[in-house]
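Participant:
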Amino acid sequence: LFDSQQPLPEGSWAAAYCSKMHNLSLDDPSTDTCQYTKWSVQHFTNSTLLKLCGRAQGLREHVCLNATLYHQLVKLKPRLADVCADLQAEQESKKCFLQRFFDMLPARVLHTVGVFLRKEQNATLKEDLLSCFSPVLWDLIQQNDNSSTLRVLLQEYFQMPRDRIRSLVMSAEKDAVKRFLSHMHQSWDQLQVETSQASQQELQAMETMTSAFIHKFPRVTPELVLTAIREHSSEMKLQQKKAFVKRLLQSSVQLSHCISKGLISASGRLSSWLIPAVSAKLNISSMASSDLSALGGLLPHLGTSFLLSLPSQQLQEILSEPGLHRYSPAQAFQILSKITENSNLTVDGLCSLKRLHAGLFPAVLSALQWSDISQEAHCLCWRAMLTDLKPGHRAMLYSAVQEALHRDSRNITQQVNCLFPFVPLRKLMQTMSGETTWRGIGTYRDAQWSPQQAQFLFKKIREYKNITSKELRYLGVIAGGVSCDVLRFWINSTGFTELLQTLSELPGVMRPALRKCIVEILRKQADLDLGALSSGFAATLPVTMIENLPNTSIRAILSYIQSHFVEFLKLPRYKQTNLAEKAIAELGPSLAKGKVDGNLLDILGPLLPFLDRDSLAQVDRRALALRLEDMRMFCIPKEALRDISGILTQKELFGDPSKWEVMDVEHLGRLVFALSAKQINSIPLTVLNKDIVEQVLAGQRRWQDSMVGEVCVRRCTDQNYHRQQTQILLRGIVKARSRRTKVPVPSCADIRGTFPSAWTSTQLRRMSLDELKECMEVLGQDSSLSSEQRRSLWGKLKQSFSPVRELRADQVLELGSVLTEMGDRELQETNLTHPAVLAHLGTLTQWSPQKMRAVVLGVMRKCRLKAEHLSFVDLATFGHLLCGLSSSEIRRLGPYNLSVAVVFLRELSMPCSEQQMEALTSHLSRPEAFGPVSAWGPEIFTEIGTLAAGLPDMALSALLREQVEGLVPEAVALMSPQKMAVVFSAVQLSWLSAEQAWAVTEAQWAELDPEQRHAVGLARYEGDVLLELR
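The opening position of the sequence shown corresponds to residue 1 in UniProt numbering, with each subsequent residue numbered one higher.
Put into structure tokens, the structure is as follows:
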């Protein structure tokens, strides 16, 4: 049968099938002699034997594909290398021989395929068949209506590695894929695919195959896409949803559903024509709450008037549905006002209205039904609100809770311990003695105390009772407040390793000074078991200490950082790279072959961009191309941009950006920002149309809103460089394309498709008033607008908002940052006294000293307030606007109220002058506040947070080691470069923790002398001298 054809390759499924099913044999007299599978090495060097058996079936493959045998023989017969090279070239060019084999087989084709797949155990042989993804196979199945064979084939495909599935689909003939999908669609019911009973591997394979099919075809009709999303959305993975949504066409009804589900941005260009079209067709009075809830993502963009036309009860019901749709401060304020006026809002109700918390004000809180405040079920709500709200809102909520607790005559101490972490340190100092804490330790040990609270409480317990190292372990979270001196005192006590293990396993983030102390102890006590430390703590160890960890600990660390990736992003860059390289060494032996292959890429996941340059150079480009969907969600640190852009622009991937087409940019998405500014500038303007640029920017915004994206932007990204990249990406939209064309004037749709600060002040000023008013809230929420841009906008908008003294609170909130460019007299005339307005204005960072002064004077005059009358809630609500008080007014503030307010102000970068900051911090050293700075413990420095940067030079230069350790890294970064160089000696700088040392800015570094720099360097690298020198 095979004499007229080339012999079947040894090891293929076809050869295996024939030998098993048909017992084929070749009638050859040399068969017995040429049993090469039984030969020794000497047989292969026998020239006579090789001459006789040289054409034996599979001999060459047997020698060349057996690595051990090949390496033995090539030393004896060097020419063998050429023979095997020819074989490799033949195999690479070999095409699927399925059609030829079908013509040969005497058995029924589909029966043959099915029987082989059911009986064969060798996965490699099966892959050889499955790789023949030929139109012939699907034609035969369809002609014979053979669902059973298709089911067998599907099961086998689902057992293939994900990387192989991607490669198979992407390299298959499009006609074959179309026929396969067609038959799948017709036979789905007969296939009996049960996703609920599928294994994890099968589910991942389905997900991978579906995503690959979608990417295979660049255009899908909207009907197919929307039907698929509607029927299978709940079962689809994120990767699949993204692939579907990318192919949606512009249809208002279809898109409204997609926007409401959050699959397409409701704030983009499409919304400018879609939302008016949808709202015009909606009959609110006839719509049930469930129908309105289905519009979730559209509701914030349908306008406040639309929402306020609904009854309060229905409004509360709709907005209590889970979702991530954002409401602007102005919208949140108006909706909360209506709900509060017309219904009795409970604590549960407020908690469920999470998306409206940006509009909180005291009247909402005072009107609450507080009877159920102490229920444990509300702890998650309180924690979230007191953590996520702006300073003014947090202070309002804390004050309202305290009032409610005082009204409650029951003993609520045990019932609201989830609120303890939010009690200002100054109040804690009044109420918690060492005896009180020790006697109530059963309750207090499990509260999630802040680091400074834990330090204070531990100090109080030690004053009351000389506890042992064993008792420390029963203090729970309070044990995290242990001082380094006490910890060193216990080094030789029994169970010290277990004590360190307990400390390393405490919930929350360990304070930097304690972590540094433990590291120093571990360096000096070589006999301590590093493997006993928690994975989270071990991940932060110095590089030289990680080298001494056992393999089990390394693997545990890698598992930890994969599930706590945000914590990984907070590590210094050199530690990130070390851990990423450890992942390769421990989990990816394939690098020994010179490649970071697909399997290793899957293992690395988001660690990929943190590899060093040499490892990145080993990445398999084709494998990476199949994982771009995942890579779009990765954090790409600024240090890796050059290497990542180099990979993406190689021929195997996207090639030279100057030759790109729309599909290339669409495929890359936000990864466009991995390119250099020069490379982005080379992308043809014809490619960077409005739609594609909006798609890239929307993808970047969605990623930045994620937890990983938020931390990555703050800690791993050069934000100035990113702004430069963005401006270059937008050049064809916001600038004239040639000298002959006019500079474009943006519409509201253009503003939504880009962002307000992308356009010059002149372009914004030339917009029509109607277009500007339509985009008012978008404009007001862009914090990156320059003063000139904001001034142009207010100059245009004041026509609609005059006279300013009649502005309502919701209009002020709508103006947002534009308000900061009102004239001084306008700011004083405008009524800015509403707490919701002040809480929002106090978070703005665009104020000039003169404007802040105008706001403060206007508010205090209208409220008939003096500085000494301001409560801690007032001070927290003022926020940045506190810098509108003069130094003499700051000195008249109530010291106690200021000491209570600092817990709400501690994270702000106050725009005050040096004199104002010194007045604030000096006021904190009054007896009614925290007392003299020289007597402060580290917990007070931590409590006041960034305000510590304003301490007088004399006070800073006199700080002791424990006090320096209490400074938060943000306070270190905010000190003026000259001030840092003058006030801190090299010895004091050597006391810095790694976190504090890495917070030292480039400008500060430039002012330090060599000795000071060396001290900071050693602190950064935690005593690893070689790393510091490098």
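Think of the CB as a built atom: it goes at the ideal place given N, C-alpha and C, for glycine as much as any other residue.
The structure presented is a predicted model; accordingly, all values stated were derived computationally and were not measured.
1) Under 9 Å, do G879 and Q916 count as touching if we go by C-beta distance?
2) When you compare only the Cα positions, how much space is there between I467 and V347?
3) Taking the CB atoms as reference points, tell me whether P938 and Q452 lie closer together than 9 Å.
4) So the candidates are A677, F496, L827 and L785; which of them puts its Cα closest to the Cα of R473?
5) Is DSSP giving Q121 helix, strand or coil here?
6) Which residue comes first and which comes last in the alpha helix (DSSP H) that contains H923?
7) Express the C-alpha separation of A513 and R407 in angstroms, rounding to a whole number.
8) Where does V619 sit, in a helix, a strand or coil, going by DSSP?
9) What ranges does the alpha helix (DSSP H) occupy inside the segment 358-442, keeping only unbroken runs of at least 4 residues that lie completely in it?
10) Since V596 sits in a beta bridge, which residues does DSSP pair it with?
11) Can you list, in chain order, the stretches of the alpha helix (DSSP H) that have 4 or more residues and sit fully within the segment 704-790?
12) Tell me the DSSP secondary structure of residue 1031 in three-state form.
13) With a 10 Å radius around its C-beta and 16 neighbouring C-beta atoms as the bar for buried, classify H357 as buried or exposed.
14) Can you list, in chain order, the residues of its chain whose CB lies under 6 Å from that of A986, leaving out five sequence neighbours each side?
15) Using the beta-carbon count (16 or more within 10 Å), is M707 buried or exposed?
16) Kindly give me the distance between the Cβ atoms of S397 and L386, rounded to whole angstroms, as I take these residues to be in contact under 8 Å.
17) For H880, does the three-state DSSP call read helix, strand or coil?
18) Nearest to residue 1037 by alpha carbon, out of A1019, A981 and N831?
19) Got a sec? Which residues, its chain only, sit under 6 Å from V983 by beta carbon, not counting five neighbours each side?
20) Within its chain, find whatever has a CB closer than 6 Å to the CB of F610; leave out the 5 residues flanking it on each side and keep chain order.
21) Note down, in chain order, each residue of its chain lying with its Cβ closer than 7 Å to the Cβ of V856, except the 5 sequence neighbours on either side.
22) Measure the C-alpha to C-alpha separation of P969 and G1023 and round it to an integer number of angstroms.
23) What distance in whole Å lies between the Cβ atoms of G780 and G816, which are believed to be in contact at a cut-off of 8 Å?
24) In chain order, what residues of the same chain have a beta carbon less than 7 Å from the beta carbon of K742, not counting five sequence neighbours either side?
25) Rounded to whole angstroms, how far is the Cβ of A623 from the Cβ of G598, which I believe are closer than 8 Å?
26) Near F158, what residues of its chain come up, given a Cβ to Cβ distance below 6 Å and the 5 sequence neighbours on each side ignored?
27) Does the Cβ-Cβ distance between L813 and A395 come in under 9 Å?
28) Going by beta-carbon coordinates alone, are residue 1049 and L653 separated by less than 9 Å?
29) Given that a residue counts as buried once 16 or more other Cβ atoms are within 10 Å of its Cβ, and exposed if not, what is V83?
30) Who are the Cβ neighbours of H393 in its own chain at under 6 Å, not counting the five residues just before and after it?
31) Distance, Cα to Cα, R439 vs V401?
32) With a 10 Å radius around its C-beta and 16 neighbouring C-beta atoms as the bar for buried, classify A1019 as buried or exposed.
33) What residue range does the alpha helix (DSSP H) around residue 1046 cover?
34) Within this structure, are the beta carbons of R573 and S899 separated by less than 9 Å?
35) What is the residue span of the alpha helix (DSSP H) that G536 lies within?
Facilitator: According to the structure shown:
1) no
2) Each residue's Cα considered, the two are about 41 Å apart.
3) In this structure, P938 places its C-beta atom within 9 Å of the C-beta atom of Q452.
4) F496
5) coil
6) Looking at the DSSP string, the run of the alpha helix (DSSP H) that includes H923 is E914 to L924.
7) A straight line joining the alpha-carbon of R407 with that of A513 spans about 40 Å.
8) In the structure shown, V619 sits in a strand (DSSP, three-state: E or B).
9) 362-366, 379-388, 391-407, 425-431 and 434-439
10) V619
11) Complete alpha helix (DSSP H) runs here, min 4: 707-715, 719-729, 731-734, 748-753, 761-765, 769-774 and 776-780.
12) Residue 1031 lies beyond the residue range present for the chain, which begins at 1 and ends at 1030; the question has no answer from this structure.
13) buried
14) E1011, Q1012 and A1015
15) exposed
16) Sequence inspection shows Leu at residue 397; the Ser mentioned does not correspond to that position. At roughly 6 Å, the Cβ-Cβ gap stays under 8 Å, so L397 and L386 are in contact.
17) helix
18) Residue 1037 falls outside the range modelled here, since the chain spans only 1 to 1030, and no answer is possible.
19) Residues D953, L956 and S957 of the same chain have their beta carbon placed closer than 6 Å to that of V983, with the five preceding and five following residues left out of the count.
20) Q576, T577 and A580
21) L881, G884 and L885
22) 19 Å
23) 3 Å
24) A736
25) 4 Å
26) E202 and A205
27) No.
28) Outside the displayed range of the chain (1 to 1030) lies residue 1049, so it cannot be described from this structure.
29) exposed
30) Only L360 and A839 meet the Cβ criterion.
31) Straight-line measurement puts the Cα of V401 at about 25 Å from the Cα of R439.
32) Buried.
33) With the chain running from 1 to 1030 in the structure shown, residue 1046 is simply not present.
34) Taking 9 Å as the Cβ cut-off, R573 and S899 do not qualify as a contacting pair.
35) S535 to A538
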